[in-house]
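All remarks here apply to the structure that follows.
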Amino acid sequence: MSRALGLMRRVRDNPANPARLLAVAMFASATLILLLGHGATFSGDELVLVTTSPGLDLHTLFEPHGGHLIALPRLVYRVLLEISGLDYLPFRILAVASILVAVWLLFTWARRRVDPWLASGFCAMLLFYGSDYLHMFQGNGFIVVSSIALGVAALLALERGDRRGDLLCCLFLALGVLTYSVALAFLAGVAVNLLVRRQWGRAWVFALPLALYLAWRIWLIAADVPGDGGGIDIYSLLLVSGWSFQSVAGVLGTLSGLDYAFTGGLVEKVGPAGPPLAVVAAILLAVAIVKRGLGPVLLTAIACALALWTMQVLSYGDAAGLRIPGADARYLYPGAFVIGLVIFAAIGPGPVPGRYLALFAVVVAGSVTVNLMTMKDGADLIRDSASQVRTYAAMYRMSVPAPSPGEKPHVSSSAGIMVAMINSPYGDLGYRLPVLLEEPEPDLEKLDQVMAAVVPFQVTPALTGGVACRAVTSDELRARPGASLLLSSAGGELLARRFADRATALAGSLSPGVVYRVKVPGVGQLPWKLAIGSGLKSCHRPA
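Residues in the sequence shown are numbered from 1233 upward in steps of one, following the working numbering.
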């Protein structure tokens, strides 16, 4: 027993071991993410970048995406698409690399302030934070996470206190601003850090990146650029306190693993464990402030957190009911990082007694084990979404004529994005027909219904003079895409199928005895099959 305790002390007292443990966790996390995420493909947001990449110019480069400036990600996607086409693995590797870099930078910042074992344990939890499966398994996770990494890198550079550090801090903030709006939270933190220390001569460090962002916003207004993210509701500022509390509750509940959704799947609202944990965290923060005061480092961390949540709540008005603080996966990773900054700044330096480290190790183990399950749940959702994307890409390829060369893609709707993907120079994202037909029958029936809704049958009364009709003896009438048919019936709904074994897609309604001209939609060789139950007649005009 004494030997075991001695070994544990030697492991604990070796200053290199926390970093070694985190390195092992990073390798395990990267491997697991890549294995679990097999079968993933581009999300809807990513397809916007894919479809706009061929015609990427300065105007498109600086167009907002969901109100965000993402100039650097647009360039990165253009380069990767030119190199690897629609192979999704390079994008997933980029997202994983962003997570590893961001976590290591946070560890570097934290171990200067707290016991390195605390820093290593918290960062290990972030590596397996499956509740934010979107940033973990989707390639565009690198957009958000790399902006976090640039923000933390800016904080590290600022600590140098010399000219080179200031230049690096300014550069990292500028790159972050060009990557994603989350970087603005770290810009606010740097500004608070310098201003509270009355470092007026260094204000340019944050002023230049801020000027870059403001210049972009002014250009959006002056050039009347659509989609400028103008859905900011100033009244939402009244909700900052509630949004912040629920964000803290959501992150602590899911990161700890205590708020796993046993009802199936991922958390859709702040769980029961989150609010008590948030209250405890607030009390401990207040105690830390009373004991040690509000130093520049703690003020910087708090400023980063409040700026992040203020930005989020300002855009809440346009998405009321769709974005839930503490539950929406897109908010969890950024929230976890800024909460980590506050925790590390509040704890302060000094070794932690062994019994408390042992208790913390139990917390970390519980977090990682539960979040391994949320990683699996999230990966399943990502694969289901990827299958749907590939299915719909195939459907549009067989339903809609390809857009004209040089035609600007209409990325404001999912339909416009799918149409633009039909003749993408980077490849075909959709399933091949044999693979598509292996989908479950209910999915194929739904696909037929969606196809008939996207490109509907044109059913109009026709002139009946000189028309001869004969009964269709089979249960269905085959019709090639693009064909124009003359049909009559005893009345009823004209149903159609193209992929499924049963006709469920509504092509139109026929009145008894009326001859209709039916224009069959779609492109390609796969025919439609039409059915009306009974009494269907095929008509023609004798020569």
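Where a beta carbon is used, it is the ideal one built from N, C-alpha and C, also for glycine.
Since the model is a prediction, treat every value here as computed from it, not as a measurement.
Bridge partner(s) assigned by DSSP for residue i
i	result
Tyr-1748	Pro-1693 and Leu-1719
Ala-1728	Ala-1737 and Leu-1762
Cys-1355	Cys-1355 pairs with nothing; no bridge assigned.
Cys-1771	Cys-1701 and Leu-1718
His-1300	His-1297
Arg-1710	Lys-1761
Leu-1742	Gly-1724
Inter-residue spacing [alpha-carbon to alpha-carbon] between residue i and residue j
i	j	result
Pro-1688	Tyr-1624	16 angstroms
Ala-1552	Val-1502	Legend: pLDDT at Ala-1552 = 49, less than 50; position of this residue unreliable, value from coordinates given subsequently. When rounded, the distance between both Cα atoms is 16 angstroms.
Ala-1447	Thr-1542	21 angstroms
Val-1704	Leu-1679	26 angstroms
Leu-1307	Lys-1640	18 angstroms
Arg-1366	Ala-1272	One point to set straight first is that residue 1366 is Leu, not Arg, in the sequence displayed. Leu-1366 and Ala-1272: Cα-Cα distance of roughly 11 angstroms.
Ala-1597	Asp-1491	15 angstroms
Ile-1575	Ala-1505	19 angstroms
Phe-1438	Cys-1402	6 angstroms
Ser-1352	Val-1480	21 angstroms
Leu-1470	Ala-1417	19 angstroms
Asn-1425	Thr-1532	5 angstroms
Gly-1756	Phe-1259	47 angstroms
Arg-1629	Asp-1347	57 angstroms
Glu-1314	Lys-1769	52 angstroms
Trp-1475	Val-1545	7 angstroms
Leu-1400	Ile-1614	37 angstroms
Val-1632	Gly-1754	6 angstroms
Ala-1763	Arg-1702	15 angstroms
Tyr-1445	Val-1409	7 angstroms
Asp-1394	Ala-1386	13 angstroms
Leu-1267	Val-1311	25 angstroms
Val-1643	Ala-1634	15 angstroms
Met-1650	Ala-1513	46 angstroms
Leu-1676	Ser-1656	25 angstroms
Val-1511	Val-1519	12 angstroms
Ala-1257	Val-1594	16 angstroms
Val-1472	Leu-1540	10 angstroms
His-1291	Arg-1343	43 angstroms
Ser-1316	Pro-1322	8 angstroms
Cys-1771	Gly-1745	12 angstroms
Pro-1247	Ser-1645	53 angstroms
Phe-1294	Glu-1278	16 angstroms
Pro-1507	Thr-1606	20 angstroms
Cys-1536	Leu-1427	14 angstroms
Leu-1191	Gly-1572	For the chain, the structure presents residues 1233 to 1775; residue 1191 sits outside this window and is missing.
Gly-1276	Ala-1626	15 angstroms
Ala-1255	Gly-1580	24 angstroms
Rounded distance between the beta-carbons of residue j and residue i, thought under 8 angstroms
i	j	result
Tyr-1658	Val-1282	7 angstroms
Ser-1379	Thr-1411	4 angstroms
Val-1414	Leu-1337	That pair is no contact at about 14 angstroms.
Val-1529	Ala-1577	5 angstroms
Ser-1363	Ala-1561	7 angstroms
Ile-1375	Pro-1286	Between Pro-1286 and Ile-1375 the Cβ distance is about 20 angstroms, and since that is not below 8 angstroms, they are no contact.
Ala-1406	Pro-1441	4 angstroms
Arg-1749	Ala-1685	At roughly 20 angstroms, the Cβ-Cβ gap does not stay under 8 angstroms, so Arg-1749 and Ala-1685 are not in contact.
Gly-1638	Gly-1558	Between Gly-1558 and Gly-1638 the Cβ distance is about 45 angstroms, and since that is not below 8 angstroms, they are no contact.
Trp-1760	Arg-1730	5 angstroms
Arg-1244	Trp-1349	7 angstroms
Val-1691	Leu-1726	7 angstroms
Tyr-1309	Tyr-1565	Wrong, their Cβ atoms sit about 20 angstroms apart, outside the cutoff.
Ala-1334	Ala-1381	4 angstroms
Phe-1369	Gly-1610	6 angstroms
Gly-1714	Val-1682	In fact, because the Cβ distance is near 19 angstroms, the residues do not count as touching under 8 angstroms.
Cβ of residue i within 8 angstroms of any chain D Cβ
i	result
Ala-1593	This model lacks chain D altogether; it includes just one protein chain.
Specify whether the region 1708 to 1727 and the region 1657 to 1668 touch according to this definition: at least 3 beta carbon pairs, one from each stretch, less than 8 angstroms apart. no
Please list the segments of the alpha helix (DSSP H) lying wholly inside the region 1601 to 1658, counting only runs of 4 or more residues, in order along the chain. 1646 to 1652
Touching or not, the region 1325 to 1338 and the region 1289 to 1299, by the rule of three or more beta carbon pairs under 8 angstroms? no
Given 8 angstroms, three or more beta-carbon pairs between the region 1477 to 1492 and the region 1595 to 1604: yes
Run through the region 1397 to 1442 for me and flag every whole beta strand (DSSP E) of 3 or more residues, listed as ranges in chain order. none
Hey, which unbroken runs of the beta strand (DSSP E) at 3 residues or more fall wholly within the region 1569 to 1596? none
I'd like the ranges of any alpha helix (DSSP H) spanning at least 4 consecutive residues and lying wholly in the region 1234 to 1293. 1234 to 1245, 1249 to 1268, 1276 to 1284 and 1290 to 1293
Complete runs of the alpha helix (DSSP H) confined to the region 1503 to 1572 [at least 4 residues]: 1506 to 1524 and 1528 to 1546
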